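Asks: This is the structure, below, for whatever I ask next.
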Amino acid sequence: MKEFKGRPIAAGNWKGEAVVSRQGVNTLATFQSSAMNNKPEVIVSDQNNSDIYGKNITGKALCLPITIGSTTGGLVIQTVCDMKINPAAFLFSEHIDSLAASGIVLARVWQNSPVICVDQLGEEFLKTVKTGDQIEIKEDGTVIIL
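In our numbering, the protein residues as written are -2 to 143.
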């Protein structure tokens, strides 16, 4: 068991499975195919991200350094939250970018989405957590790898 303390952007308590990308996640490329085809879950469609390509990330904790890609990033996150096919949590090792933050905050405010977001978990967090790990998130931004 290892514990990390980050900054809660969208606080909440949760336990579940981690899916880990050690590189920046292209929001549009990751979510677009599932969202546009009205799928019941997000299967990552970004072929340039071998860490998560083809994986189901709906209802899981997406652990990542940052998001990358176009200015549609926030809207894409808000859309998948509205569709209820989003990851349960976004756990950033670095500072969250403004586009991801806007999508997560708007989804919480406008769609009443329970999506959780914690940033500034640190480089060691991303080196330690592995896809399939069970994790627990606490409202104060503490993330525990069980």
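Every residue, glycine too, gets a C-beta built ideally from N, C-alpha and C.
Remember, predicted model here, so these are calculated numbers, not experimental data.
#1: Starting from the Cα of L143, find the closest Cα among S90, T125, I49 and give me that residue.
#2: Kindly give me the distance between the Cβ atoms of N45 and N23, rounded to whole angstroms, as I take these residues to be in contact under 8 Å.
#3: Look at the Cβ atom of N83, then the Cβ atom of S42, and state whether they are nearer than 8 Å.
#4: Could you tell me whether the stretch 30 to 39 touches the stretch 130 to 140, using the rule of 3 or more Cβ pairs below 8 Å?
#5: Hey, quick one: how far does the alpha helix (DSSP H) through D116 stretch, first residue to last?
#6: So, using beta-carbon positions, are S95 and I49 closer together than 8 Å?
#7: Just to check my reading of the structure: N10 and I134 have Cβ atoms closer than 8 Å, yes? What is that Cβ distance to the nearest angstrom?
#8: Is it buried or exposed for Q75, if we count other Cβ within 10 angstroms and need 16 for buried?
#9: Just to confirm the assignment, what range does the beta strand (DSSP E) spanning G13 have?
#10: Just to confirm the assignment: which complete alpha helix (DSSP H) runs, minimum length 4, are found wholly within the stretch 11 to 96?
#11: Would G71 and S99 be called neighbours here (beta carbons separated by less than 8 Å)?
Replies: In this structure, then:
#1: T125
#2: Yes, N45 and N23 are in contact; Cβ-Cβ is about 7 Å, under 8 Å.
#3: The answer is no: Cβ separation not under 8 Å.
#4: no
#5: Unbroken run through D116 is the beta strand (DSSP E), 113 to 116; no alpha helix (DSSP H).
#6: no
#7: 6 Å
#8: buried
#9: 11 to 17
#10: Considered as a whole, the stretch 11 to 96 harbours 24 to 33, 70 to 79 as its complete alpha helix (DSSP H) runs of no fewer than 4 residues, in chain order.
#11: yes
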